[in-house]
Structure formats: structure tokens, C-alpha cells
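Structure first, commentary second.
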Amino acid sequence: MNKQEALFSYTLRLADNGLILSQRLAAWTGHGPFLEEDLALTNIALDILGQAKSLLEYAGQVEGKGRSEDDLAFLRGEREFYNTQLVEQPNGDYAKTIARQYFVDVFDFHFYTALANSKDETLAGIAAKSIKEITYHVRHSGSWMLRFGGGTEESKQRLQDAVNDLWRYTGEQFEMNEVDALLIKEGIAVDMTAVKAAWDKQVINILNEASITTPLVAVMQTGSRQGKHTEHLGYILAEMQYLPRVIPGAKW
Amino acid sequence: MEEWFDAKLQKNEMIEPKDWMPDNYRKHLIRQISQHAHSEIIGMLPEGNWITRAPSLRAKIVLMAKVQDEGGHGLYLYTAAETLGTSREEVLDALHTGKAKYSSIFNYPTLTWADIGMVGWLVDGAAIMNQVMLQRTSYGPYSRAMVRICKEESFHQRQGYESVCHLAFGTPEQKAMAQDALNRWWWPTLMMFGPTDDKSPNSAQAIKWKIKRESNDQLRQRFVNQTVSQAEYLGLTIPDPDLKWNEERQAYDFGTPNWDEFAAVVAGNGPCNKERLAARVKAHNEGEWVRAAATAYALKKNEVMSAA
């Protein structure tokens, strides 16, 4: 693997996280628990999709084979996606959507803060721009974590169930492979060790504050760095990609 | 009081929330503004139906932002209705129990991606005709909400037209998809302006109160005049054999919509009336515990604050 291949793979991984998460979030639009929250969540989905679009565009440039952001989003198969299994988990109830979002938002906050210092100017630029949005996202999902934990018995139980369900998918976010090793040497990629420490601290703090028990999970799920996913991804792609595949080569 | 009110209307001055107003004027406005708000909220559903299947990233972003704007319009219209002494709970309850109406157009299904373009081009185009007029409506908060809404709606209409352009000038499959969508949306769009003037029970009084300033038929005619040349440019055929330019009137003559279908859809028997309402009720009911949690948490926080 050379630097260009590593950078392509790394950028794609970040892009896919946003693409798949925003696809999940977008399913809430028009169906949120109340109007103001419907608007807020759609706004967050739009931010995340915007970040993913910029990253996919850059991934296409890095690859140098003339693939556009749409080619990369709509014409890759299940085993060519590198998003974490966490972001492809179903929306469930609002507690599950919020817990998934909070785990990702806290990760993104620490990750992109570090990535803003990358020697790759494009990635650093996208990161710096994204941080402003992510700061708001963490505040949004974090405040709902506290509301659910400290709200009613029902909301607390729903949040606890969501955290229990999702916890085993959180470890994958921090995995590093040969791509990271190569790019860390170049000053491009972020060392996940520090991100994990910051994530653990912040997430466990908020779980404590919300009176939610932190799950003890012996085995974290893994595989997405090799394009291995849960069964959910195939359905997400089938829905998302069908039209450009039915009329190949069309402009929209 | 009534004289003062009439004089104010006569001078084209706005009526404001604290002003005296006739009960029926207030009732008419609550009904119209809340129906308008409901239309925005229900309107999120047929368009939202395609967000997860939008065929390009840009199209997906544009559509999400658009549906979000519709929700925003609903929000400021609910707020405008609240200035007349009603509450969000009351108006939502009227919607969920089927007492309140909303624009019938949203009871039609969005079957293909081309429908999303059609909704922007035709449905928003028709809505704008009405909304431009309502910017000069006599009730201040409604008028100001409409000014804001109009800016965004004309943007949506341009985006819808652009989306239809991609299809009309695209592959043969895309063009066929656009024509099929136009065939299905044309007549329901014309019905959006409401019954003909001689059959519109609320119109005359609304015009007298300067809530409405133009009649259903005037607005419908203006819409047809504007849209025909756009369809010609796109190479799409408007599905009306009676459509032709009338030199004398300097306007297009056009056929009669199927008013029986209109009556059926308004009465709740359109293709998606049940699904649309069911989706709103489901979202509201499933959101109940979320709203309850937020309220309970806010109360606890206040107690802690006042104890400190």
C-alpha cells in the first residue's frame, strides 16, 4: 500500500461514516417526536451529509480514476463500504437514535479536532469547518442523554436499553490498521489512542450524570475496516442506490 | 369597534394581535392559518418519502433542506395562529382527529423521483400564487410569516423546475418519467386553488376582510398562463386537450378539473388521506414519552435551581 492508496482508504472511511449516518437520520425527517426536534435532527443530518459529500469528492480526487462523489456513494457494493457498524444500526426509538448519535458526536468532536492539525490541507480544512457543526451536535445529543436519563422512568429505561444495545459497536471507531500506521507517520492521520481516552472520559461522565449504567462488554464487534458489516448495510444501500443503478449514466 | 376595524381595513392597515377584531374574522383566520400550517407539515411526508432514495448527493441535500424549510413554515404559521388565542395542542388535536383540513394535494402519492420535481415546479408554483397574494393579507403576523415563506418557496420552485429539467433533457427513461409525473400532477395542482368562484363558500367574506385579495379562478388562470410556456420549453405535454391560447382574453383557455375527484379527496377518500394522517398520529404518539421526558427533566432542573 502506498500513501495515495492509504489516503483514499482513510478518506473513504470518514466519508462513509457520514453518508450512512445521515441516511439513517434522514428517515426521521417528517416523523420526529415534535416539530422543533424534527427540524433540529434534519439540520444535523444535513451537516453530516455535507461533510460526507466533501470527503467523497476528495476521495475521488485522491484515487485519481475519475470517480465522482456520486459514483462513490451510489455505485459501490456492500463490501466496499468502510463506515463503522455503529452508524448503520437502525434508528429504533428516539433514545436509540440519540445514543447512537451521542457516541458518534463525541468521537467526531475529538477526532476532527485532532484532524484539523493534519498535514493534509484538504482534510484539515474539512475538519476545521466540521468542528463548528459538531460542537453543536454534541450539545444537542448530550442534552437529550441527560433529559432521557433524568426525565421519566420510561425515558431512563429506554436510554439504558439503547446504550446496552449499541455499546458493543463503539469500540470499532478507534481501530487502527496499516492505513493509519502509514498516514500517522506522514502526519496526516489521527492517533486513535488519544481520541479513545478522551471519548471514554466524556461518555462515561455523561452516562454517570444521566444515571445510566455503563455496560460491561467483553467483546467489541469488529470488521468494518475490512468492509465487513452487519446485515443492515445491504438494505441501506439497496434503498439509497437503486435509482442511479436502474438508469445508469443519467444526470440528476 | 366594528367601524374602527372596517376603517382600518379600508386604509389597508394591518390588524395586529391586540387589536379588536370581529369574532368571525378571528375564527376564519385561525382556521385558515392552522390549515395552512398543517399543509406544510403534511406536505413534508410525500416529499420526505424520497429523501432516502434521492439519486444524487446534491439532490438529497436539496430535498432534505426543502422538507426542513416546509417544517419551518409550519412552525411560524403555528406561531401566527397562537397570536389569535389558540394553542399548538388545540390545532394539532384538530388535525389528528380529522377535524382540521389541509391542502388536498398532499393526499396524492409520490410514486417516482419525477414526482419530487413536479411537486416543486407545479405544487410550489401554485402555492406561490396564493402566498404572494397573502403577503398583503390584512392580519399582520400572517402577512409577515408569508413574506418569509414566499422567499423560500420561490427558491423551492426553481429547484423543482431544475430537477424536472434534468429529467426532461435527460435519457428517454427520465423524460418518460417526467411526462408520467406531469400527467398525474397537472389536474390535482389546478384543484389546489379551490372550487370555482361561484362554488367557494368562504371566499367572498375573506375577500371583504382583505384576508384574500384575489379569487380562486383568478389565481388558477394566472398559474396556467405562467406554466404552459415552461412545459413547452421542457418539451412536455400538458394533459389537457382543451388547452389553447385565447387571443381575445390574452389568456389560456383550459379544461375543467374533475371536481368529483376533488370532493372525494377533500372528504377523506383520496389515495393517501389515511396514510398521511396515520403517519402524523404515529409520530405524535411515539413522541409522547420524549416530550414527557423533556418536561419532567425541565421541572426537576427548575426545582434544583429554585432550591439553590
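Protein chains in written order, with the numbering used here: chain A, 31 to 282; chain B, 11 to 318.
Even glycine gets a Cβ: it sits at the ideal position worked out from N, Cα and C.
Original post:
DSSP on A47 of chain B, reduced to helix/strand/coil?
Top reply: helix
Original post:
Taking W197 of chain A as the reference, which of A:T114, A:G279, A:G80 and A:T152 has the closest Cα?
Top reply: A:T114
Subject >> Beta carbon proximity, K310 of chain B to chain A, threshold 8 Å >> reply: yes
**OP:** May I ask you to list the residues that DSSP assigns as paired with A261 of chain B?
**Re:** B:N256
Subject >> Cβ-based neighbour list, Q45 of chain B, same chain, cut-off 8 Å, excluding 5 preceding and 5 following >> reply: A110, K111, Y112 and S113
Subject >> Given A303 of chain B as reference, the closest of A:R177, A:W229 and A:G201 once Cα atoms are compared >> reply: A:R177
Original post:
When the Cα atoms are used, what is the spatial distance from E12 of chain B to E50 of chain B?
Top reply: 33 Å
**OP:** Could you tell me if E257 of chain B is buried or exposed, where buried requires 16 or more neighbouring beta carbons within 10 angstroms of its beta carbon?
**Re:** exposed
**OP:** Could you tell me the distance, in whole angstroms, from the CA atom of I349 of chain B to the CA atom of A56 of chain A?
**Re:** Since the first and last residues shown for chain B are 11 and 318, residue 349 of chain B lies out of range.
Original post:
By Cβ distance, which residues of its chain are closer than 7 Å to I214 of chain A, with the 5 residues on each side in sequence left out?
Top reply: D221
**OP:** Report the three-state DSSP secondary structure of Y149 of chain B (helix, strand or coil).
**Re:** strand
Original post:
Along chain A, in chain order, which residues have C-beta atoms closer than 8 Å to that of I71 of chain B?
Top reply: L76, L79, G80 and K83
Subject >> Contact set for V234 of chain B: own chain, Cβ-Cβ below 6 Å, skip 5 residues either direction >> reply: Y262 and F264
Subject >> Residues of its chain near W219 of chain B, where Cβ-Cβ distance is below 8 Å and the 5 sequence neighbours each way are ignored >> reply: L19, Y35, H38 and S148
**OP:** Return no unless some Cβ of chain A is closer than 8 Å to the Cβ of R36 of chain B.
**Re:** no
Original post:
Q256 of chain A: buried (16+ other C-beta within 10 angstroms of its C-beta) or exposed?
Top reply: exposed
Original post:
Between the stretch 233–250 of chain A and the stretch 174–190 of chain A, do at least 3 Cβ pairs fall closer than 8 Å?
Top reply: yes
Original post:
Could one say the Cβ of L85 of chain B lies closer than 8 Å to chain A's Cβ atoms, at least one of them?
Top reply: yes
Original post:
Between the C-alpha atoms of N22 of chain B and R194 of chain B, what's the straight-line distance to the nearest angstrom?
Top reply: 40 Å
Original post:
Going along chain B in order, which residues have a C-beta closer than 9 Å to the C-beta of D221 of chain A?
Top reply: Going along chain B, no residue has its Cβ under 9 Å from D221 of chain A, so there is no contact; the nearest lies around 30 Å.
Original post:
So which residues of chain A does Y243 of chain B contact, with C-beta pairs closer than 7 Å?
Top reply: Per Cβ cutoff of 7 Å: no residues; Y243 of chain B is ~18 Å from chain A at best.
**OP:** Determine, using beta carbons only, whether Y118 of chain B and G278 of chain B come nearer to each other than 8 Å.
**Re:** no
Original post:
Closest Cβ-Cβ distance between K226 of chain A and chain B: below 8 Å?
Top reply: no
Original post:
chain B partners of L267 of chain A, CB-CB under 7 Å?
Top reply: Neighbours of L267 of chain A on chain B: none; closest Cβ ~11 Å, over 7 Å.
**OP:** Using DSSP bridges, identify the partner residues of I25 of chain B.
**Re:** B:Y149
**OP:** Tell whether a beta-carbon distance below 8 Å holds between D207 of chain B and D227 of chain B.
**Re:** yes
Subject >> Identity of the residue in B:T199, B:M24, B:Y307 and B:G108 nearest P249 of chain B by Cα >> reply: B:T199
Original post:
Mind pulling the chain B residues with CB within less than 7 Å of D68 of chain A?
Top reply: G81
**OP:** For N295 of chain B, count neighbouring C-beta atoms within 10 Å of its own C-beta (all shown protein chains included) and say buried if the count is 16 or more, exposed if not.
**Re:** exposed
**OP:** Confirm, please, whether the CB-CB distance from A90 of chain B to P182 of chain B is below 8 Å.
**Re:** no
**OP:** On a CA-only basis, which of B:C160, B:A124, B:H48 and B:E162 is nearest A178 of chain B? Give me that one, please.
**Re:** B:A124
Original post:
Is the CB of P120 of chain A under 8 Å away from at least one CB in chain B?
Top reply: no
Subject >> Proximal residues of chain B, C-beta to C-beta of Q53 of chain A below 8 Å >> reply: T62
Original post:
What is the C-beta distance between E105 of chain B and H48 of chain B, in whole angstroms, given that I count them as a contact (C-beta under 8 Å)?
Top reply: Correcting the residue identity first, residue 105 of chain B is Leu in this sequence and not Glu. Rounded, the Cβ-Cβ distance is 5 Å, consistent with contact.
Subject >> Cβ-Cβ separation, A75 of chain A to M54 of chain B (assumed contact under 8 Å), whole Å >> reply: That belief does not hold up - the Cβ atoms of M54 of chain B and A75 of chain A are roughly 14 Å apart, past 8 Å.
**OP:** Assign A55 of chain A to one of three DSSP states: helix, strand, or coil.
**Re:** The question names Ala, yet the displayed sequence has Leu at residue 55 of chain A. Residue state, collapsed to three classes: helix.
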